[in-house]
Amino acid sequence: MAQMNMKEAIRDAMRVELKNDPNVYIFGEDVGKVGGVFRATEGLQGEFGEDRVFDTPLAESAIAGMAVGMGLQGFRPVAEIQFVGFIYEAMDQMFIQAARMRYRSGGRYNSPIVFRTPFGGGVKAAELHTDSLEGLALQTPGIKVIVPSNPYDAKGLLVAAIRDNDPVFFMEHLNLYHAFRQDVPEEAYTVEIGKANVVREGSDVTIIAYGLMVHTAVKAAEELEKSGVKAEVIDLRTLLPLDIETIVKSIQKTNRAIVVQEAQKTSGAAAEIIAQINEHAILHLEAPVLRVAGPDTVYPFAQIEDAWLPNPARIIKAVNQVLNF
Amino acid sequence: MSKLPYEVQTEPVTPLSILNPDGEIVDEALMPELSDEQLKEIMYRMVFTRTWDERAVNLGRQGRLGFYAPVSGQEASMIGSEYALNKDDFICPGYRDMPQIVWHGLPLYQAFLYSRGHQHGGQIPEDVHVLMPQIIIGAQILHATGVAMAFKKKGEKRVAITYTGDGGSSEGDFYEGMNFAGAFKLPVIYVVQNNGYAITTPYAKQTAALSVAHKAVAAGITGVQVDGMDVLAVIKAVRDAAERGRNGEGATLIEMLTYRFRPHSMADDTTKYRTKDEEGEWSLKDPITRFAKFLEKKGLWTDEDTARVKEEAKATVNEHIKKAEQTEKMTVNGLIDSMFEHTPAHLEAQKADFQ
Ligand SMILES: Cc1ncc(C[n+]2csc(CCOP(=O)(O)OP(=O)(O)O)c2C)c(N)n1
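These protein sequence lines map, in sequence, to chains A and B.
All letters in the first sequence, in the order written, are residues 502 to 826 by the numbering used here.
All letters in the second sequence, in the order written, are residues -4 to 350 by the numbering used here.
Below you can see the structure in the form of structure tokens.
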């Protein structure tokens, strides 16, 4: 075991897989010598050489499209899109080309690719560096979407993603890269894609979250505990496939739920989760499921970022609303 | 306006041409090495493809094919470029480039299935090195770039080839792909079949570049222009490009000057954007009649040969369209199962609506 922060755990996942599988290749903008703008790939080029870990010219569509071409020749590319806002440049290749390769070819070809990208607010980054764009990916059939919330999961999920024979959109919250350290095994291990984690047990209300919002939800739950409300917190870990079973099981116990997402409120992951709760657990609900989310505005400049993002106070307010419905 | 002393200078290019419209070799030194048998094989494929194209247009009108982009006029560029490749070279086609992948090994009935929207159309046999045609213009250029990167990484002496049109050469992916190929020195061939129009937009409105071939300059790769109605010139250019790719000398952009005799797809009206004069002029360059003249002079081809190949092609097309029509239909549940390697629970559940 070693103590690692999330960034180190992510790097370690790539390291163990570069070692395990000669077909794994890492590339993107500036991922080589410096190891990426967040140093997530730091040291990997030194250890594995310029053949396996390399810088590309600055062109997101080509990074993703080259991954598609390499993928159909049997490689397992891990392509980094430097910041989430630049995925628009690569959306055709990620969400159309990679995601439908298996379908278009009747199963002859696939896209065993991981598209890694940092995202997430609260770090006062430049415009279009932090937006939560997972909803775009979720609306795209054929690609898996993973958002880890801690170092242990991040490594296990990334190893699982690299080994997965389908394309994975792997979103790394900027505010979690250095947030805290955790015991992380140094060898390769996987965390199953599509399995949520109950991070805090409770009987009064279920708070469903992912990424940084898991920690915000836990803070809210701790506050709520003081007033006698026992909140269960679920860390989804994977948005697609979604572990609706774990959600339903929790709601059968608590009968109330809220969903927290950093993304703008309309048509995002939370809307989908609530729709699935309606389909699977409506008779267990004592109140409508509410969303705590960013408002439907463009992601703001740094100045009001903290006010814009969901915080424990807004979560507590929503919990009280469903409790008092 | 006079040129600035510090302006980047580029000269107009001269297209490679080997066979003149009368079927005479203009430069013996450029003639690619081809046996008589090979010359006849190339002619066979071009006549076959013309006949298949005519049948496909009719089948489309009868509703027996779905989306289909006619190819007549472009046989030299399509057939010649595929003929210049090795069997294990990889083709990433655009939507019009069905002949190349069929002659590279995709069974014809699967081409028809693709047109009819059946996913088995794209289920390429294991030993055939092609992708199904790409609808998003330019996307395939990046796939070829990635395939070429894979060949380079594996140390295999194979090349990837990809096709787009003059319209496609305006897409961002075209520039991104060529730039990657230049930066990584990849064994890839970018073919632009400049047939003068992108749907209805003429080349002159597509770009102010002197030629498409010039666009290679900025990417640091080799750019050449070829008479795309001259199958021998096409073969020469693609063979040279492939050889350079295999030798580690990097990528080539080949602009083929060609013409599509028919509309862009089945739906548009050429009289709205083309003149009879223009069509007449290009028909004089018809790659098939030109090559036939050449072969006739060598005593390798007669009108009877053409008639025989046409009959053969018609019969083959009929057989394959029947096979396509008799192929079991796709099902929604089968479609659901083709999204992921292992169908996740939420998708599995969605099957219930389609039992
Ligand atoms: C990204 C994208 N934009 C637009 C279209 C619609 N479209 C299909 S073909 C075409 C023109 C293409 O012209 P060109 O590249 O010259 O090829 P040609 O049809 O002449 O062979 C257009 C605009 C498309 N398929 N994909």
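Every residue gets a Cβ at the ideal spot worked out from N, C-alpha and C, and that includes glycine.
Could you give the residue range of the alpha helix (DSSP H) that holds K656 (chain A)?
Per DSSP, K656 (chain A) belongs to the alpha helix (DSSP H) from 652 to 664.
Below 8 Å on the Cβ atoms is my contact criterion, and I expect R153 (chain B) with D84 (chain B) to pass it. Report the Cβ-Cβ distance as a whole number of Å.
About 5 Å separates the two Cβ atoms, so the contact holds.
Which residue comes first and which comes last in the beta strand (DSSP E) that contains P619 (chain A)?
615 to 620 is the extent of the beta strand (DSSP E) around P619 (chain A).
Could you list the residues in the segment 588 to 600 of chain A with a C-beta less than 7 Å from some C-beta on chain B, going in chain order?
Residues D593, Q594, I597, Q598.
With 16 other CB atoms within 10 Å as the buried threshold, where does H524 (chain A) fall?
It is Asn, not His, that sits at residue 524 (chain A) in the sequence shown. It is buried - the Cβ of N524 (chain A) has at least 16 other Cβ atoms within 10 Å.
Taking 7 Å as the cut-off, is the C-beta of T159 (chain B) nearer than that to any heavy atom in ligand 1?
Because some heavy atom of ligand 1 lies under 7 Å away, the Cβ of T159 (chain B) counts as near it: yes.
Quick one: does D797 (chain A) have its CB under 8 Å from some CB of chain B?
Taking Cβ atoms only, chain B never reaches closer than 8 Å to D797 (chain A), which makes this a no.
Starting from R577 (chain A), trace the beta strand (DSSP E) both ways and give me its first and last residue.
From DSSP, the beta strand (DSSP E) with R577 (chain A) extends over 577 to 581.
Hey, would you say the C-beta of H259 (chain B) is under 7 Å away from at least one heavy atom of ligand 1?
H259 (chain B): yes, Cβ under 7 Å from ligand 1.
Does any C-beta atom of chain B lie closer than 8 Å to the C-beta of Q640 (chain A)?
With 8 Å as the cut-off, Q640 (chain A) does not count as an interface residue toward chain B.
Taking just the CA atoms, how far does V535 (chain A) sit from T542 (chain A)?
Taking the straight line from one Cα to the other gives about 8 Å.
Rounded to whole angstroms, what's the CA-CA distance from E726 (chain A) to D332 (chain B)? Just pull it up for me.
Between E726 (chain A) and D332 (chain B), the C-alpha separation is close to 45 Å.
Report yes or no: is there a C-beta of chain A within less than 8 Å of the C-beta of V186 (chain B)?
Not one chain A Cβ lies under 8 Å of V186 (chain B).
Let's see if you can read the secondary structure: which residues bound the alpha helix (DSSP H) around F670 (chain A)?
Not the alpha helix (DSSP H): F670 (chain A) falls in the beta strand (DSSP E), residues 669 to 674.
Does the contact criterion of 3 or more C-beta pairs under 8 Å hold for the segment 587 to 604 of chain A versus the segment 640 to 654 of chain A?
Flag = yes, the segment 587 to 604 of chain A and the segment 640 to 654 of chain A touch.
Using a Cβ-Cβ cutoff of less than 8 Å, which residues in the same chain neighbour L559 (chain A) once the five nearest sequence positions on both sides are dropped?
If we look at L559 (chain A) and ignore the five residues flanking it on each side, its Cβ neighbours are E530.
Would DSSP call G218 (chain B) helix, strand or coil?
Three-state result, G218 (chain B): strand.
Measuring only between beta-carbons, confirm whether I745 (chain A) sits less than 8 Å from chain B.
Yes - at least one Cβ of chain B is within 8 Å of the one on I745 (chain A).
Give me the Cα-Cα distance between K280 (chain B) and T265 (chain B), rounded to the nearest whole angstrom.
So the alpha carbons of these two residues sit roughly 19 Å apart.
Nearest by alpha-carbon distance to L662 (chain A): which of A:N651, A:S650, A:K645, A:L824 is it?
Before going further, note that residue 662 (chain A) is Ala rather than Leu in the sequence given. That would be A:K645, whose Cα lies nearest to the Cα of A662 (chain A).
Out of A:A808, A:E773, A:P613, which has the shortest C-alpha to C-alpha gap to H341 (chain B)?
Closest by alpha carbon: A:E773.
Ligand 1 and G163 (chain B): does the residue's C-beta get closer than 7 Å to at least one heavy atom of that ligand?
The answer is yes for G163 (chain B).
Express the C-alpha separation of E693 (chain A) and L29 (chain B) in angstroms, rounding to a whole number.
Answer to the nearest angstrom: the Cα atoms are 57 Å apart.
In chain order, which continuous runs of the alpha helix (DSSP H) of length 4 or greater are located wholly inside the segment 756 to 818 of chain A?
Counting only runs of 4 or more, we get 770 to 782, 806 to 809.
DSSP three-state call for A732 (chain A): helix, strand or coil?
It is a strand residue.
Just to confirm the assignment, what range does the alpha helix (DSSP H) spanning T717 (chain A) have?
Start and end: 713 to 727.
Write down every uninterrupted run of the beta strand (DSSP E) in the segment 52 to 133 of chain B whose length is 3 residues or greater and which is fully enclosed by it, in chain order.
Correct list: 85 to 87.
Which same chain residues, not among the five before or five after H209 (chain B), have their C-beta less than 6 Å away from its C-beta?
The answer, listed in chain order, is T5.
Cβ of A71 (chain B) within 7 Å of any heavy atom in ligand 1?
No - ligand 1 has no heavy atom lying nearer than 7 Å to the Cβ of A71 (chain B).
For N611 (chain A), go through chain B and note every residue whose CB falls closer than 8 Å to its CB, in chain order.
Here the neighbours are E336.
Which runs of the alpha helix (DSSP H) fall wholly inside the segment 263 to 329 of chain B and span at least 4 residues, in chain order?
With a minimum length of 4 residues, the continuous alpha helix (DSSP H) runs that stay inside the segment 263 to 329 of chain B are 271 to 278, 282 to 292, 298 to 321.
Determine, using beta carbons only, whether D17 (chain B) comes closer than 8 Å to chain A.
With 8 Å as the cut-off, D17 (chain B) does not count as an interface residue toward chain A.
Within its chain, find whatever has a CB closer than 6 Å to the CB of T301 (chain B); leave out the 5 residues flanking it on each side and keep chain order.
Answer for T301 (chain B): V42, listed in chain order.
With a threshold of 6 Å on Cβ separation, who are the neighbours of V610 (chain A) within its own chain once the five nearest residues in sequence on each side are excluded?
The sequence shown places Tyr at residue 610 (chain A), rather than the Val named in the question. If we look at Y610 (chain A) and ignore the five residues flanking it on each side, its Cβ neighbours are L573, M602.
Alpha carbons only, please: which of B:G215, B:M334, B:P282, B:M173 is nearest the one belonging to S562 (chain A)?
When each option's Cα is compared against that of S562 (chain A), the closest is B:M173.
Helix, strand or coil, according to DSSP, for R738 (chain A) in the structure here?
If DSSP states are grouped into helix, strand and coil, R738 (chain A) belongs with coil.
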